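First up is the structure itself, then whatever we jot down about it.
Residue numbers (mature numbering (1 follows the signal peptide of the UniProt record, and there is no 0)): -25 to -1, 1 to 335.
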């Protein structure tokens, strides 16, 4: 079984044509008898692997000592479906999507599933608590509600999810070979934060958006602590979530400050806010930066409260949150035709965009 979620990835090869393996318990509600016609086996092969660092045991700003923990070889499963009408299958294809028994995948990734109808609770090895409801596409991940594009399927007391959804919830990636009807699921190790890391840098390394990385890890600010770990696999339901309060608030300040400027000029306003969040000279949350006394008059005057940002401002806000940078290091912006001399002349110009000068 998988031993260390921060270690090397373990892989499961799931063939949609055949299955051989050890018995899995059906996902049976507490008040329902378990089906008897379930016959599944798995073949596990484990050998020693190079030692790894156990990031979960590190303290902030400390480096974990090397341990002698061994990492198993990839777990390989072969699944056979449709052998007879009474058989409970671990995987099937419906509407061109591969569905997998949530219990079978949870067991492989050392996660615990409890079905107390109509609620299904999943406690994953990386510490997530995920709650589904029968006949409901919404799910809760660590207390936050997200919406999937499907509802969990119940077939003879088993719970099924699209394989990609289920894999991502286990912090795993999935590669699908349509011709061979084979999926390779690989556990993705948690990322250990290094000194000097920022959300933007980590997001770029893993090909995800910084805003989604923040959302996935439940971070209240962009501040990071070296030695802590981050989840970098973003489940589809989280990736497609409606704009977060941070996005909306950032879009509001962009609209009032640069609503008539170019898209680049709007992204630049977002850059200034995000640069301040990451600077030790300013507060470390978007809300605190925007409402810092003496900084943004429209916010102080209550102009943001009932404002509905337009689509372009929302797009610019999302781009700034996701790391698009047009004014690197800029902490200030002003109209040089209106504000000049004294302090303004002491600033280093980063770029002029439209009516605004961006400086640091």
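Even for Gly, the Cβ is constructed at its ideal location relative to N, Cα and C.
Bear in mind that the values here come from a model prediction, so they are computed numbers and not experimental data.
- Within a 10 Å sphere around the beta-carbon of residue 272 sit fewer than 16 other beta-carbons, which makes this residue exposed.
- Residue 331 sits in a strand when the DSSP states are folded into three classes.
- Here residue 158 is buried. Its C-beta has 16 or more other C-beta atoms within 10 Å.
- By the beta-carbon neighbour count (other beta carbons within 10 angstroms, threshold 16), residue 186 is buried.
- Between residue 166 and residue 205, the CB-CB gap stays under 8 Å.
- Within the same chain, 334 and 335 come within 8 Å of residue 323 by CB-CB distance, once the 5 residues on both sides are set aside.
- In chain order, 242, 245, 246 and 249 place their CB closer than 6 Å to the CB of residue 295, counting only its own chain and leaving out the 5 sequence neighbours on each side.
- Per DSSP, residue 146 lies in no alpha helix (DSSP H) and is assigned neither H nor E.
- A Cβ-Cβ contact shorter than 8 Å links residue 163 with residue 208.
- In the three-state reduction of the DSSP assignment, residue 249 falls in the helix class.
- When C-alpha distances from residue 303 are compared across 297, 325 and 189, the shortest belongs to 325.
- Rounded to the nearest whole angstrom, the CA to CA distance from residue 139 to residue 174 is 25 Å.
- Within the same chain, and ignoring the five residues on either side of residue 332 in sequence, the residues whose Cβ sits closer than 7 Å to its Cβ are 308, 309, 311 and 324.
- Within the model, the alpha-carbon separation for residue 143 versus residue 291 is close to 28 Å.
- Under the three-state reduction of DSSP, residue 69 is assigned to strand.
- Secondary structure at residue 87: strand, using DSSP grouped into helix, strand and coil.
- Excluding its 5 nearest sequence neighbours in each direction, residue 211 has no C-beta neighbour in its own chain below 6 Å.
- With a cutoff of 8 Å on beta-carbon distance, residue 203 and residue 259 are scored as not near each other.
- A Cβ-Cβ separation of about 6 Å places residue 265 in contact with residue 224 under the 8 Å criterion.
- For residue 155, no beta strand (DSSP E) run applies, since DSSP gives it neither H nor E.
- Going by beta carbons, residue 79 and residue 98 fall outside the 8 Å limit.
- For residue 319, the enclosing alpha helix (DSSP H) begins and ends at 318 to 321.
- Looking at the DSSP output, residue 76 bridges to 135.
- Following the DSSP letters along the chain, one finds residue 115 inside the beta strand (DSSP E) bounded by residues 111 to 116.
- Looking from the CA of residue 136, the closest CA among 70, 170, 120 and 152 belongs to 70.
- An exposed status is given to residue 235, since fewer than 16 other beta-carbon atoms sit within 10 Å of its beta-carbon.
- The closest CA to that of residue 119, considering only 219, 183, 297 and 76, is found on 219.
- Secondary structure of residue 241 (DSSP, three-state): helix.
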